[in-house]
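Peer 1: Mind having a look at this structure? Questions to follow.
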Amino acid sequence: MKKSLLGILLFLFSFILLSQNSFRLYHQGMPLINHDSLYFYLDSSQYTVEYMLLGIENISNTDKNVKVKKNEILIVPGSENTFCWGMCYTSSVYISTKYITIQAHTTNNTDFYGEYYPKGNLGTSIIMYTFFDINNPDDSVSVVAFYIATPVNTENFDLCNNYSLYPNPSSGKIYLKKSFTNEAIITIYNPYGIKVYESLIENNEIDISMLSDGLYIYRILVDGEIKGSDYLLIRSNK
0 MKKSLLGILL FLFSFILLSQ NSFRLYHQGM PLINHDSLYF YLDSSQYTVE YMLLGIENIS
60 NTDKNVKVKK NEILIVPGSE NTFCWGMCYT SSVYISTKYI TIQAHTTNNT DFYGEYYPKG
120 NLGTSIIMYT FFDINNPDDS VSVVAFYIAT PVNTENFDLC NNYSLYPNPS SGKIYLKKSF
180 TNEAIITIYN PYGIKVYESL IENNEIDISM LSDGLYIYRI LVDGEIKGSD YLLIRSNK
């Protein structure tokens, strides 16, 4: 599972567009960057269900007819996922058959939610949801949801957060969310999987000023064990 995560995150880069678009997503009232990641920690009970609600804002000057598609990047066998947009679909539907019109400079906070059912199966499912203009599918915005089903969810939540980096996007320096006494090493790869940086993490900070603007994947090892892996967007202030 850990070895496959790097390949999965590399796969995400093929979807990432940095150009301006007409939409902005919100989760719990907070704005998201395009292709942002959201993490949901839940018990793996047969009867557990996780709901992900999103708001989508049309930031353009014209009304947009919007559809939603899902991309199952990694799915735990035996789990199930669905979404609602205009109507609620079965798990076999990947693109909504209905569109919803979002008027210029307004936000739809009520019509989309994703559902994830672990059905007693442990593991992480990764699903990308993309909202797009039906008249211009390249005009889109996406979010990547990590549904993490464990026997006990709170400890895993704290662990993952501790080994994540901020700020992201970033320039200059990035930081671990929590300091550790154990030896920690960060390795950064470009979108082709080539290692471009590796360093011992000292004083809870990493200098990335030598890296060019763009998208990267980082991996954090503590005592030789992978503790965190995600993508990192570097944007300079030049």
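Its first residue numbered 0, the sequence shown is counted upward by one per residue in numbering that gives the first Met the number 0.
All C-beta atoms, glycine included, are put in the ideal place defined by N, C-alpha and C.
On a predicted model such as this, the values are computed, not experimentally measured, just so you know.
#1: Any contact of the region 56-64 with the region 132-151, i.e. 3+ C-beta pairs under 8 Å?
#2: I'd like to know whether the C-beta atoms of TYR174 and TYR188 end up nearer to each other than 9 Å.
#3: From LEU121 to THR149, what does the alpha carbon distance come to, in whole angstroms?
#4: Grab me the residues of GLY223's own chain with a C-beta within less than 8 Å of its C-beta, minus the 5 sequence neighbours each way, in chain order.
#5: Over the uninterrupted beta strand (DSSP E) stretch that includes GLU182, give me the two end residues.
#6: VAL142: buried (16+ other C-beta within 10 angstroms of its C-beta) or exposed?
#7: Whole angstroms are fine: how far does the CA of ILE126 sit from the CA of SER44?
#8: Quick check: the region 77-88 against the region 106-122, are there 3 or more CB pairs under 8 Å?
#9: To the nearest whole angstrom, what separates the beta carbons of ILE82 and GLY113, a pair I think is in contact under 8 Å?
#10: Would you call the CB atoms of PHE130 and PHE39 closer than 9 Å?
#11: Closer than 7 Å by C-beta to GLN27: which residues in its own chain qualify, once you throw out the five before and the five after it? Chain order, please.
#12: Taking THR109 as the reference, give the member of PHE145, LEU231, TYR25, TYR46 with the closest Cα.
#13: Could you please give the first and the last residue of the uninterrupted beta strand (DSSP E) stretch that includes TYR50?
#14: Using a Cβ-Cβ cutoff of less than 7 Å, which residues in the same chain neighbour SER235 once the five nearest sequence positions on both sides are dropped?
#15: Could you tell me the distance, in whole angstroms, from the CA atom of HIS34 to the CA atom of ASN181?
#16: Which word fits ASP157, buried or exposed, when buried means at least 16 other C-beta atoms lie within 10 angstroms of its C-beta?
#17: Cβ atoms of LYS176 and ILE207: under 9 Å apart, would you say?
#18: When DSSP labels each residue in this structure, what does ILE133 get in the three-state scheme?
#19: Suppose contacts are defined by Cβ-Cβ distances below 9 Å. Is LEU214 in contact with ILE233 by that definition?
#20: Let me make sure I understand the geometry here. Which of PRO168, LYS63, TYR146, TYR230 has the alpha-carbon closest to that of HIS104?
#21: Sorted by chain position, which residues of the same chain lie with C-beta nearer than 6 Å to GLU204's C-beta, five sequence neighbours on each side aside?
#22: Could you give the DSSP three-state label for MET127: helix, strand or coil?
Peer 2: With the structure as the only source:
#1: yes
#2: Counted from its first residue, the sequence shown places residue 174 at position 175. Counted from its first residue, the sequence shown places residue 188 at position 189. Contact: no.
#3: As a working mapping, residue 121 is identified with position 122 in the sequence shown. As a working mapping, residue 149 is identified with position 150 in the sequence shown. When rounded, the distance between both Cα atoms is 6 Å.
#4: In the sequence shown, residue 223 corresponds to position 224, counting from 1. Closer than 8 Å at the Cβ level, and outside the excluded window around GLY223, lies no residue.
#5: For the purposes of this step, residue 182 is identified with residue 183 of the sequence shown, where counting begins at 1. From DSSP, GLU182 is part of no beta strand (DSSP E); its letter is neither H nor E.
#6: Residue 142 sits at position 143 when you count from the first residue of the sequence shown. Flag for VAL142 reads buried.
#7: Position 45 of the sequence shown, counted from the first residue, corresponds to residue 44. Position 127 of the sequence shown, counted from the first residue, corresponds to residue 126. Each residue's Cα considered, the two are about 20 Å apart.
#8: yes
#9: Locating residue 82 in the sequence shown gives position 83, counting from the first residue. Locating residue 113 in the sequence shown gives position 114, counting from the first residue. Residue identity differs from the one stated: residue 82 is Phe in this sequence, not Ile. Yes, they are in contact, since the Cβ atoms of PHE82 and GLY113 sit about 5 Å apart, within 8 Å.
#10: The count along the sequence shown starts at 1 and reaches residue 130 at position 131. The count along the sequence shown starts at 1 and reaches residue 39 at position 40. No, the pair does not count as a contact, with Cβ atoms beyond the cut-off.
#11: On the sequence shown, position 28 is the one that residue 27 refers to. Closer than 7 Å at Cβ, skipping near neighbours: no residue.
#12: Within the sequence shown, residue 109 is the residue found at index 110, counting from 1. Answer by Cα proximity: TYR25.
#13: Residue mapping note: residue 50 aligns to position 51 of the sequence shown, counting from 1. Note, TYR50: beta strand (DSSP E), 49-57.
#14: Walking along the sequence shown from the start, residue 235 turns up at place 236. The answer, listed in chain order, is SER170, ASP212.
#15: Reading the sequence shown from its first residue, position 35 is the one you call residue 34. Reading the sequence shown from its first residue, position 182 is the one you call residue 181. C-alpha separation (whole angstroms): 32 Å.
#16: As a working mapping, residue 157 is identified with position 158 in the sequence shown. Residue placement at ASP157 is flagged as unreliable, the pLDDT there being 45, under the threshold of 50; the coordinate-derived value follows with that caveat. Counting Cβ neighbours within 10 Å, ASP157 comes out exposed, since fewer than 16 surround it.
#17: The residue given as residue 207 occupies position 208 in the sequence shown. The residue given as residue 176 occupies position 177 in the sequence shown. Not in contact: ILE207 and LYS176 (Cβ atoms no closer than 9 Å).
#18: Within the sequence shown, the letter at position 134 stands for residue 133. Coil, per DSSP.
#19: For this step, residue 214 is matched to residue 215 along the sequence shown. For this step, residue 233 is matched to residue 234 along the sequence shown. Yes, the pair counts as a contact, with Cβ atoms nearer than the cut-off.
#20: Within the sequence shown, numbered from 1, the residue matching residue 104 stands at position 105. Closest by alpha carbon: LYS63.
#21: Here residue 204 refers to the residue found at position 205 of the sequence shown. Correct list, in chain order: LYS172, TYR174.
#22: For the purposes of this step, residue 127 is identified with residue 128 of the sequence shown, where counting begins at 1. It is a strand residue.
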